[in-house]
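>
In my numbering, the protein residues as written are 6 to 165.
(1) In chain order, which alpha helix (DSSP H) runs of at least 4 residues are fully inside the stretch 66-145?
(2) I believe residue 50 touches residue 61 by the beta-carbon criterion, under 8 angstroms. Please report the beta-carbon distance rounded to the nearest angstrom.
(3) Between which two residues does the alpha helix (DSSP H) carrying residue 9 extend?
(4) Let's test the definition: count the other Cβ atoms within 10 Å of the Cβ of residue 58 and tell me whether it reaches 16, buried, or not, exposed.
(5) Classify residue 58 as helix, strand or coil using the three-state DSSP reduction.
(6) For residue 24 versus residue 90, is the C-beta spacing smaller than 8 angstroms?
(7) Out of 105, 108 and 78, state which residue places its alpha-carbon closest to the alpha-carbon of residue 121.
(8) Just checking my contact of residue 98 with residue 13 at CB under 8 angstroms: how many whole Å lie between their CB atoms?
(9) Could you tell me the alpha carbon to alpha carbon distance between residue 48 and residue 94, rounded to whole angstroms?
(10) Taking the alpha-carbon of residue 158 as reference, which of 17, 52, 107 and 28 has the nearest alpha-carbon?
(11) Relative to the C-alpha of residue 81, which candidate in 7, 132 and 118 has its C-alpha closest?
(12) Just to confirm the assignment, what range does the alpha helix (DSSP H) spanning residue 24 have?
(13) Report yes if the CB atom of residue 67 is closer than 8 angstroms to the CB atom of residue 128, and no otherwise.
(14) Considering only residues of the same chain and omitting the five flanking positions on each side of residue 52, which have a CB-CB separation below 7 angstroms?
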C-alpha cells in the first residue's frame with residue numbers, strides 16, 4: 006500500500022467520518038490540540054531559554070528539566086493523538102499533496118528525535134552544560150526545530 010493509498014484509507018475510516026459528521030467534535034479536538042501545544046511550548050521554552058542564559062538563570066537546568074519533563078511528555082502524547090484525529094477528519098488526501106504538511110512532519114520528526122536523543126540526554130544530569138557553548142547550541146536548535154513545526158503547521162492553513 007502506497008502512502009497516498011494509506012492517506013485515502015485513513016480519510017475513509019469510520020472515525021474520520023464520525024468526526025466530520027459531528028457539529029462539535031473537530032472543535033473539541035482542535036481545542037485540546039492547541040492547549041497541549043501551549044503546554045509543550047512552555048515546557049520546551051523554559052529549558053531552552055535557560056540553556057541560552059536568557060531566563061531563569063538562577064535555576065539549575067537539571068531541576069527545570071525534571072519539572073518540565075512530565076508536562077512535555079504528556080503534551081507531546083496529546084498533540085500526537087489529537088493531531089492524528091485532526092488529520093484523519095480533514096481531507097487526509099489533501100495533505101498528501103500539501104508541501105507544508107510534509108515540511109511540518111519533517112520538522113516534527115527532527116524535533117522529537119533531537120529532544121529525546123540529544124537534548125534530554127545532555128540536560129538530564131549535567132548542570133555544567135547550561136553555561137557552555139554546547140548548551141546554548143542545544144537550546145537554539147531546539148527552539149528552531151519546534152518553531153519550524155509551528156510555522157509549517159500554520160502555513161498549512163494559509164498556503165494552499
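No residue lacks a Cβ here, since even glycine has one placed at the ideal position from N, Cα and C.
Working from what's here:
(1) 66-94, 97-101, 104-118 and 125-128
(2) That pair is no contact at about 10 angstroms.
(3) 8-16
(4) exposed
(5) coil
(6) yes
(7) 78
(8) 5 angstroms
(9) 28 angstroms
(10) 107
(11) 118
(12) 19-26
(13) yes
(14) 66, 69, 70, 73 and 128
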